[in-house]
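Undergrad: First, the structure itself, so that you have it in front of you.
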Amino acid sequence: MSVKIVLPTALARHTEGQKSFDSQASNLPGLLAEFDTKFPALSQNVKDDNGKLRRFINVYVNDEDIRFLGGDAHQFEDGDEVMLIPSIAGGCCAHGE
Amino acid sequence: MVSSCTKYELRCNECGKSYGNQPLSACADCLAPLEVQYDLESVRGRFTRESVAAGPANIWRYKELLPIPDGFLPDLPVGFTPLVRAKNLGKRIGADNLYVKNDSVCFPTLSFKDRVVAVALANAQAFGFTTVGCSSTGNLANSTAAQAARLGLKACILVPADLEYAKILNTQVYGARLVRIDGNYDHVNRLCTMIADEYNWGFVNVNLRPYYAEGSKTVGYEIAEQLGWRLPDNIVCPMAGGSLIRKIRKAFKELIALGLVEHKDVRFFGAQATGCSPISHAVRNGWDYIEPQRPNTIARSLAIGNPADGPAAAKMIQETGGWAEDVSDVELVSGIQELAETEGIFTETAGGVTTAVAARLYAQGRIGRDETTVVCITGNGLKTTDALEGRYATEVAVKPRLAAFDEYIRAIDVQLINADPELALAGGAR
Numbered sequence: 001m002s003v004k005i006v007l008p009t010a011l012a013r014h015t016e017g018q019k020s021f022d023s024q025a026s027n028l029p030g031l032l033a034e035f036d037t038k039f040p041a042l043s044q045n046v047k048d049d050n051g052k053l054r055r056f057i058n059v060y061v062n063d064e065d066i067r068f069l070g071g072d073a074h075q076f077e078d079g080d081e082v083m084l085i086p087s088i089a090g091g092c093c094a095h096g097e
Numbered sequence: 098m099v100s101s102c103t104k105y106e107l108r109c110n111e112c113g114k115s116y117g118n119q120p121l122s123a124c125a126d127c128l129a130p131l132e133v134q135y136d137l138e139s140v141r142g143r144f145t146r147e148s149v150a151a152g153p154a155n156i157w158r159y160k161e162l163l164p165i166p167d168g169f170l171p172d173l174p175v176g177f178t179p180l181v182r183a184k185n186l187g188k189r190i191g192a193d194n195l196y197v198k199n200d201s202v203c204f205p206t207l208s209f210k211d212r213v214v215a216v217a218l219a220n221a222q223a224f225g226f227t228t229v230g231c232s233s234t235g236n237l238a239n240s241t242a243a244q245a246a247r248l249g250l251k252a253c254i255l256v257p258a259d260l261e262y263a264k265i266l267n268t269q270v271y272g273a274r275l276v277r278i279d280g281n282y283d284h285v286n287r288l289c290t291m292i293a294d295e296y297n298w299g300f301v302n303v304n305l306r307p308y309y310a311e312g313s314k315t316v317g318y319e320i321a322e323q324l325g326w327r328l329p330d331n332i333v334c335p336m337a338g339g340s341l342i343r344k345i346r347k348a349f350k351e352l353i354a355l356g357l358v359e360h361k362d363v364r365f366f367g368a369q370a371t372g373c374s375p376i377s378h379a380v381r382n383g384w385d386y387i388e389p390q391r392p393n394t395i396a397r398s399l400a401i402g403n404p405a406d407g408p409a410a411a412k413m414i415q416e417t418g419g420w421a422e423d424v425s426d427v428e429l430v431s432g433i434q435e436l437a438e439t440e441g442i443f444t445e446t447a448g449g450v451t452t453a454v455a456a457r458l459y460a461q462g463r464i465g466r467d468e469t470t471v472v473c474i475t476g477n478g479l480k481t482t483d484a485l486e487g488r489y490a491t492e493v494a495v496k497p498r499l500a501a502f503d504e505y506i507r508a509i510d511v512q513l514i515n516a517d518p519e520l521a522l523a524g525g526a527r
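Residue numbers (my numbering), protein chains in the order written: chain H, 1 to 97; chain W, 98 to 527.
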C-alpha cells in the first residue's frame with residue numbers, strides 16, 4: 001500500500017524541496033513516525049514539544065479534513081493523497097523588499 | 098522612512114520571531130500566524146486627536162497606525178462610515194445605549210472588506226506584484242476586483258461555486274477573472290495557498306494576510322473617534338475567519354497606549370450562524386481551539402468552517418469577559434428585517450446574524466440595558482436579496498386613479514390613511 005504525501009513550499013524546505021513523495025504509512029501517527037526517520041527536520045517543524053502535530057497544521061486526505069474522518073484513527077487507503085498545510089499559509093517568494 | 102510612517106514589521110504571534118516586511122503569513126519555525134507590530138513610541142505625540150481630525154474623512158486619517166509602505170499615496174476614500182445611534186432597534190430589544198457601525202455603506206463596494214483590501218493592495222504594489230487575488234465568500238471578491246481595477250492591477254478571484262449571483266456579478270463587472278471552485282470556502286482557501294506557492298501573485302488574504310488584517314483596525318479607530326474619543330462597553334461583531342473582532346480590540350489597545358482614549362476593558366461578543374459556528378462553539382465550551390465544521394447556512398459571507406484566526410478569536414473573547422452566540426437561518430432573516438424596519442439599514446445575511454445575536458445577548462442579560470454597545474454591521478443587503486425571496490408578496494397593479502387607489506389602500510391598510518395628529522398639525526399630512 002502506498003499514499004502520496006503533498007507539502008507546500010513552507011514545509012518542503014525540510015524535504016530537500018520535494019513537495020510530493022510516496023509513503024507506506026497507514027495512518028497519521030504512522031506518517032509522523034516515518035517523518036522522524038526520513039525527514040527529521042520536517043518532523044521537528046510540524047510537531048510541538050509534546051510530539052503532537054502543531055495546532056497550526058491542517059491535514060487533508062483527498063480534500064477532506066482528517067478531523068472529519070476520525071483524526072489519528074483514520075486508516076489511509078491505497079492511492080490516497082495526504083496533504084499537510086499550515087492553517088495560515090502562503091508566502092514563499094519574498095521579493096521586492 | 099518618511100515622517101508620516103510608523104516603523105512596523107511582521108512578527109510571530111507565538112514565538113516572537115521577526116520577519117521584517119515581506120509577503121509572508123506564517124512563521125517558518127512554529128507555523129503560527131504572523132502579525133504586524135508597530136513601534137508605538139515612534140508615533141507618540143505625532144498621532145493625536147488633533148492630527149487625526151486634520152486628516153481626510155476616510156481610513157487614511159489613521160495611516161500612522163497602518164502598515165503603509167514608504168511613498169504610498171492613498172487614493173480611494175475608503176471607510177469612515179456612519180456610527181448611528183440605534184434608538185428604535187434599542188427600544189425593540191431592550192437597549193438604551195445602542196449604536197450601529199454601518200459598514201454596509203463602506204466605499205467602494207459596500208462592505209468592511211474595502212478597508213482590508215485597501216491596506217493589502219498598498220503593500221501588493223510595494224512588493225511588486227502585478228496580479229492580485231483572493232479566496233472569498235463574496236465581499237472580499239467584490240472589493241479586491243474593484244480596487245485592483247482602480248490601481249491598474251490584474252485580479253484573479255477564487256470563490257465557492259454556490260456563491261450568491263449578485264456577488265459574482267459584482268466581481269466580474271470590474272473586469273476581474275473570477276474562478277468558481279467546486280467546493281466550499283475552506284477548499285478555495287487551501288487551493289489559494291497552493292497557488293500562492295507556485296505563482297507570483299499577491300493574494301490579499303493569503304500571503305498578504307498580515308497587512309490585510311490590519312485594515313480591520315480602522316473599524317475600531319472610527320468607533321472610538323465617533324463616540325467622542327471614548328470606548329464603548331461592548332462590541333458585537335460577526336465572525337467568519339475571526340480576524341475583525343481581534344483587530345478592533347488591537348485598535349482600542351493602541352489608542353489607550355497612545356493616550357487618545359481612557360483605559361476601558363471592553364467586552365467583545367462574537368456572532369455566527371448556527372450552520373457554521375466553530376468559533377461560538379469554542380467560546381461556549383471554553384476552548385482555545387477550534388473544531389472545524391462543514392458550513393451549512395445562507396450566511397455565506399460567514400461560512401468558514403475552519404477559521405484561520407478562530408482559536409485566537411475564541412481565546413480573546415473569553416479573556417475580555419465576552420461571549421459568543423449563533424442563530425439559525427430563520428432568525429438571521431428576521432434580524433435583517435428588524436434592522437431595516439427600525440433603523441433603515443438594509444444589511445446582508447451576516448448583518449442579520451449580528452443583529453439577531455445582539456438581541457439575544459440583551460435578552461439573556463449578558464449585555465446590560467444601559468451599557469454602551471456597538472453592533473458592527475459589515476455588509477449590504479443588496480448583495481444577498483435571495484435571502485428574502487418569498488418574504489414579500491408581489492402587489493397587484495392598481496389603476497392610476499384616486500378612487501382605485503383609495504379602494505385599494507382601505508382594503509389592505511386603512512390605518513395608513515389616518516395621519517398622525519401631530520404630523521397633521523405640522524402640515525406633514527393632509
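Here a beta-carbon is modelled for each residue, glycine too, at the ideal position from N, C-alpha and C.
(1) Would you mind giving the Cβ-Cβ distance between Ala252/W and Thr482/W, rounded to the nearest angstrom? I have them listed as a contact below 8 Å.
(2) With distances taken Cα to Cα, identify the nearest neighbour of Glu440/W among Leu352/W, Tyr135/W, Cys127/W, Arg182/W.
(3) Keeping to the same chain, check which residues put their C-beta closer than 8 Å to that of Val46/H; ignore five residues upstream and five downstream.
(4) Give me the residue from Val256/W, Val427/W, Thr417/W with the minimum Cα distance to Leu288/W.
(5) Does chain W have any CB closer than 7 Å to the CB of Phe39/H?
(6) Curious, which full-length alpha helix (DSSP H) runs of at least 4 residues does the segment 411 to 442 of chain W contain?
(7) Thinking Thr227/W and Leu248/W are a contact (beta carbons under 8 Å), I'd like their distance in whole angstroms, please.
(8) If I'm right that Phe169/W touches Ala154/W with Cβ under 8 Å, what's the distance once you round it to whole angstroms?
(9) Would Ser208/W pass as a contact of Thr444/W if the rule is Cβ separation under 7 Å?
(10) Have a look at Gly449/W, Arg463/W, Val285/W, Thr206/W and flag the residue whose alpha-carbon is nearest the alpha-carbon of Val47/W.
(11) Have a look at Ser26/H, Val61/H, Met1/H and flag the residue whose alpha-carbon is nearest the alpha-carbon of His284/W.
(12) According to DSSP, what are the bridge partners of Arg108/W?
(13) When you compare the segment 322 to 332 of chain W with the segment 352 to 369 of chain W, are there three or more beta-carbon pairs, one atom per stretch, that lie closer than 8 Å?
(14) Under the rule that 16 or more other beta-carbon atoms within 10 Å means buried, what is Ser581/W, buried or exposed?
(15) Can you pull the chain W neighbours of Thr9/H, defined as C-beta to C-beta under 8 Å?
(16) Indicate the three-state DSSP secondary structure (helix, strand or coil) for Trp290/W in the structure shown.
(17) Return the residues of the segment 378 to 392 of chain W that lie within a Cβ-Cβ distance of less than 8 Å from chain H, sorted by chain order.
(18) Assuming the contact rule is C-beta atoms closer than 8 Å, Arg277/W and Ala258/W should be a hit. Round their C-beta distance to whole Å, please.
(19) Could you give the uninterrupted runs of the alpha helix (DSSP H) lying entirely in the segment 220 to 291 of chain W, keeping only those of 4 residues or more?
(20) Given a cut-off of 7 Å on the beta-carbon distance, is the pair Leu162/W and Glu351/W in contact?
(21) Between the C-alpha atoms of Val213/W and Ile442/W, what's the straight-line distance to the nearest angstrom?
(22) Straight-line CA distance for Gly93/W to Trp298/W?
(23) Excluding the 5 residues flanking Arg507/W on each side, which residues of the same chain have their C-beta closer than 8 Å to its C-beta?
(24) Rounded to the nearest angstrom, what separates Pro29/H and Gly17/H at their Cα positions?
(25) So Val380/W and Ala405/W are supposed to be a Cβ contact under 8 Å. How far apart are they, rounded?
(26) Applying the 10 Å Cβ sphere with the 16-neighbour rule, what's the burial state of Tyr105/W?
(27) Leu357/W and Ser313/W - do their beta-carbons sit closer together than 7 Å?
(28) Here's the rule: buried if 16 or more other CB atoms are within 10 angstroms of the residue's CB, otherwise exposed. What is Gly79/H?
(29) With a CB to CB cut of under 6 Å and the five nearest residues on each side skipped, what residues in its chain are close to Leu499/W?
(30) For chain H, find out if any of its Cβ atoms is closer than 7 Å to the Cβ of Leu275/W; answer yes or no.
(31) Using DSSP with H/G/I as helix, E/B as strand and the rest coil, what is Asp36/H?
(32) Just the C-alpha distance for Glu295/W and Thr9/H, rounded to the nearest angstrom, thanks.
(33) Using the rule of at least 16 other Cβ atoms within 10 Å of the residue's Cβ for burial, across every protein chain shown, is Glu97/H buried or exposed?
(34) Look up Ala370/W in the DSSP assignment and give the residues it is bridged to.
(35) Going by beta-carbon coordinates alone, are Val424/W and Ala484/W separated by less than 7 Å?
(36) Tell me the rounded alpha-carbon separation between Ala223/W and Ala411/W.
TA: According to the structure data:
(1) Taking the second sequence and counting its residues from 1, the one referred to as residue 252/W is at position 155. Taking the second sequence and counting its residues from 1, the one referred to as residue 482/W is at position 385. Contact doesn't hold; Cβ gap of about 25 Å is too wide.
(2) Your numbering for residue 440/W matches position 343 in the second sequence. Checked all of Leu352/W, Tyr135/W, Cys127/W, Arg182/W; the closest Cα to Glu440/W is Arg182/W.
(3) Along the first sequence, one-based indexing puts residue 46/H at 46. Around Val46/H: Leu11, Leu32, Phe35, Leu53, Arg54, Ile57, Leu84.
(4) As a first step, residue 288/W is located in the second sequence; it is residue number 191 there, counting from the start. Comparing Cα positions, the closest option is Val256/W.
(5) Within the first sequence, the letter at position 39 stands for residue 39/H. Chain W, which has no Cβ nearer than 7 Å to the Cβ of Phe39/H, makes this no.
(6) Secondary structure within the segment 411 to 442 of chain W: the alpha helix (DSSP H) runs of 4 or more consecutive residues, fully enclosed, are 426 to 440 (chain order).
(7) Position 130 of the second sequence holds residue 227/W. Position 151 of the second sequence holds residue 248/W. Going by Cβ atoms, the distance from Thr227/W to Leu248/W rounds to 10 Å, so no, they are not a contact pair.
(8) Reading the second sequence from its first residue, position 72 is the one you call residue 169/W. Reading the second sequence from its first residue, position 57 is the one you call residue 154/W. So it is not a contact: roughly 19 Å between Cβ atoms.
(9) To locate residue 208/W, count along the second sequence from 1; it is residue 111. To locate residue 444/W, count along the second sequence from 1; it is residue 347. In this structure, Thr444/W does not lie closer than 7 Å to Ser208/W by Cβ.
(10) Nothing in the structure corresponds to residue 47/W, since chain W is present only between 98 and 527.
(11) Your numbering for residue 284/W matches position 187 in the second sequence. The residue from Ser26/H, Val61/H, Met1/H with its alpha-carbon nearest to that of His284/W is Val61/H.
(12) Start at 1 with the first residue of the second sequence, and residue 108/W comes out as number 11. By DSSP's assignment, Arg108/W forms a beta bridge with Ser115/W, Glu132/W.
(13) Yes, they touch.
(14) The displayed coordinates of chain W run from 98 to 527. Any statement about residue 581/W would go beyond what the structure contains.
(15) Taking the first residue of the first sequence as 1, we reach residue 9/H at position 9. Near Thr9/H (Cβ distances below 8 Å), the residues of chain W are Asp294.
(16) Within the second sequence, residue 290/W is the residue found at index 193, counting from 1. The amino acid at residue 290/W is misidentified as Trp; the sequence shows Thr. In this structure, Thr290/W counts as helix in the three-state DSSP scheme.
(17) So the list reads Tyr386, Glu388, Pro389, Arg391, given in the order they occur along the chain.
(18) Counting from 1 along the second sequence, the entry for residue 277/W is found at position 180. Counting from 1 along the second sequence, the entry for residue 258/W is found at position 161. Correct: roughly 4 Å between the Cβ atoms.
(19) Runs found: 236 to 248, 262 to 269.
(20) In the second sequence, the residue the question calls residue 162/W occupies position 65. In the second sequence, the residue the question calls residue 351/W occupies position 254. Pairing Leu162/W with Glu351/W gives a Cβ-Cβ distance under 7 Å.
(21) Position 116 of the second sequence holds residue 213/W. Position 345 of the second sequence holds residue 442/W. Cα-Cα distance, rounded: 22 Å.
(22) Absent from the model: residue 93/W. The displayed extent of chain W is 98 to 527, so no value can be given.
(23) For this step, residue 507/W is matched to residue 410 along the second sequence. Contacts found: Ile514.
(24) For the purposes of this step, residue 29/H is taken as residue 29 along the first sequence, with counting starting at 1. For the purposes of this step, residue 17/H is taken as residue 17 along the first sequence, with counting starting at 1. Approximately 23 Å, taken between the alpha carbons.
(25) If you number the second sequence from 1, residue 380/W lands on position 283. If you number the second sequence from 1, residue 405/W lands on position 308. Cβ-Cβ separation between Val380/W and Ala405/W: approximately 17 Å, too far for a contact (criterion under 8 Å).
(26) In the second sequence, residue 105/W corresponds to position 8, counting from 1. Tyr105/W should be labelled buried.
(27) To locate residue 313/W, count along the second sequence from 1; it is residue 216. To locate residue 357/W, count along the second sequence from 1; it is residue 260. No, Cβ-Cβ distance for Ser313/W and Leu357/W is not below 7 Å.
(28) In the first sequence, the residue the question calls residue 79/H occupies position 79. Counting Cβ neighbours within 10 Å, Gly79/H comes out exposed, since fewer than 16 surround it.
(29) What you label residue 499/W is simply residue 402 of the second sequence in a count that begins at 1. Here Leu499/W has no same chain residue with a Cβ atom under 6 Å from its own Cβ, once five neighbours each way along the sequence are excluded.
(30) Taking the second sequence and counting its residues from 1, one reaches residue 275/W at position 178. Closer than 7 Å: no.
(31) Taking the first residue of the first sequence as 1, we reach residue 36/H at position 36. The DSSP-derived three-state label of Asp36/H is helix.
(32) The residue given as residue 295/W occupies position 198 in the second sequence. The residue given as residue 9/H occupies position 9 in the first sequence. Rounded to the nearest whole angstrom, the C-alpha separation of Glu295/W and Thr9/H is 9 Å.
(33) Here residue 97/H refers to the residue found at position 97 when the first sequence is read from its first residue. Interpretation of Glu97/H is limited by its pLDDT of 26, a score under 50 that renders its predicted location unreliable; no figure is taken from the coordinates.
(34) In the second sequence, the residue the question calls residue 370/W occupies position 273. In the DSSP output, where bridge partners are listed per residue, Ala370/W has Cys373/W, Val424/W.
(35) Locating residue 424/W in the second sequence gives position 327, where the first residue counts as 1. Locating residue 484/W in the second sequence gives position 387, where the first residue counts as 1. No, these two residues do not count as a Cβ contact at 7 Å.
(36) As a working mapping, residue 223/W is identified with position 126 in the second sequence. As a working mapping, residue 411/W is identified with position 314 in the second sequence. In a straight line, the C-alpha of Ala223/W is about 33 Å away from that of Ala411/W.
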